[in-house]
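Chemist:
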Amino acid sequence: MKIGVLSLQGDVIEHINHITRLGHVGIEIKKLEDMNGISGIILPGGESTTIGKLLRETKMLMPLREKIISGLPVWGTCAGMILLAKYIEGVDLEHLKVMDIKVKRNAYGSQINSFKKNVVINEISSEPLPLVFIRGPLITEVFNDVKVICRVDDNIVAARQNNMFATSFHPELTDNLEIHKYFINMCR
Ligand code: GLN
239 MKIGVLSLQG DVIEHINHIT RLGHVGIEIK KLEDMNGISG IILPGGESTT IGKLLRETKM
299 LMPLREKIIS GLPVWGTCAG MILLAKYIEG VDLEHLKVMD IKVKRNAYGS QINSFKKNVV
359 INEISSEPLP LVFIRGPLIT EVFNDVKVIC RVDDNIVAAR QNNMFATSFH PELTDNLEIH
419 KYFINMCR
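In this note's numbering, the protein residues as written are 239 to 426.
1. My guess is that I265 and I276 are in contact by the Cβ rule of under 8 Å, so how many angstroms apart are they, rounded?
2. In chain order, what residues of the same chain lie with their CB nearer than 8 Å to the CB of V243, ignoring the 5 residues before and after it?
3. In the DSSP assignment, what residue or residues form a beta bridge with A317?
4. In whole angstroms, give me the CA-to-CA distance for H408 and E365.
5. Could you tell me which residues DSSP pairs with N184 in its beta bridges?
6. Determine, using beta carbons only, whether I339 and V395 come nearer to each other than 8 Å.
7. Could you give the uninterrupted runs of the alpha helix (DSSP H) lying entirely in the region 246 to 274, keeping only those of 4 residues or more?
8. Using the C-alpha atoms, what's the distance from C316 back to R343?
9. Do you know how far the Cα of S245 is from the Cα of T378?
10. Of the choices G318, R373, R303, whose alpha-carbon is the least far from that of M273?
11. With 16 as the cutoff for other CB atoms within 10 Å, does S308 come out buried or exposed?
12. Of all the options G328, E285, N393, A404, which has the alpha carbon lying nearest to the alpha carbon of L322?
13. Which class does P375 belong to by DSSP, given the choice of helix, strand or coil?
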């Protein structure tokens, strides 16, 4: 399968390496035509304000939004989660606004910048998975049919709504492949 990774800014190569290790092909998405033939797309971590601006400048914002609304599987990690959220506390940046979640930027890990925690996510694996947080957003509210997938310290850090999956943390920065495997299953 071909899995796209939005490649405007952020940790792209780490996602591509994980996709390759799982036996699939990671495609760097820099323009609209790169999306032809992909089975799903990952929006990586980075800086959501920058990625949102570049999405508009490259004229991918609205077409990608349409594709997601039409069912293209999408996974946003960290900044990618912010781009997916319909509501962002306090700011109005250019973004996709497709998923029924409200997020707060820089809400988790901002004090100490980053931390790692091993957590069991029942939906994904019975083994604890290493979760890495780097100035991550928190989901402060979920609406409609959004399913909470993971909480850490009572905070919502992963959620799913049909073809959309969002995590506050960065599985591409660990050796563990389970969460990428989960997304690839969403793409079948
Ligand atoms: N704090 C960043 C933002 O608001 C996200 C950080 C990250 O992706 N690691 O976009």
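Beta carbons are placed, not taken as given, at the ideal position from N, Cα and C, and that holds for glycine. This structure is a prediction, so every number in the text was calculated from the model and none was measured.
Modeler: Short version:
1. Mapped onto the sequence shown, residue 265 falls at position 27. Mapped onto the sequence shown, residue 276 falls at position 38. At roughly 6 Å, the Cβ-Cβ gap stays under 8 Å, so I265 and I276 are in contact.
2. The residue you call residue 243 lines up with position 5 of the sequence shown. For V243, where only same-chain residues beyond five positions count, the Cβ hits under 8 Å are V250, H253, I254, I257, G264, I265, E266, I267, I279, I280, P282.
3. By one-based count along the sequence shown, residue 317 stands at place 79. Answer by DSSP bridge pairing: none, since A317 is not bridged.
4. Working through the sequence shown from its first residue, we reach residue 408 at position 170. Working through the sequence shown from its first residue, we reach residue 365 at position 127. Computed Cα separation, rounded: 17 Å.
5. This structure cannot settle anything about residue 184, because the visible part of the chain is limited to 239 through 426.
6. The residue given as residue 339 occupies position 101 in the sequence shown. The residue given as residue 395 occupies position 157 in the sequence shown. Cβ atoms of I339 and V395: not closer than 8 Å.
7. 250 to 259
8. One-based indexing of the sequence shown puts residue 343 at position 105. One-based indexing of the sequence shown puts residue 316 at position 78. R343 and C316: Cα-Cα distance of roughly 9 Å.
9. Looking up residue 378 in the sequence shown gives position 140. Looking up residue 245 in the sequence shown gives position 7. Taking the straight line joining both Cα atoms gives about 27 Å.
10. Numbered from 1 along the sequence shown, position 35 holds the residue referred to as residue 273. With distances taken between Cα atoms, M273 lies closest to R303.
11. Your numbering for residue 308 matches position 70 in the sequence shown. With fewer than 16 Cβ atoms within 10 Å of its Cβ, S308 is classed as exposed.
12. Indexing the sequence shown from 1 puts residue 322 at position 84. Of the listed residues, the one whose Cα sits closest to L322 is A404.
13. Taking the first residue of the sequence shown as position 1, residue 375 is located at position 137. Strand at P375.
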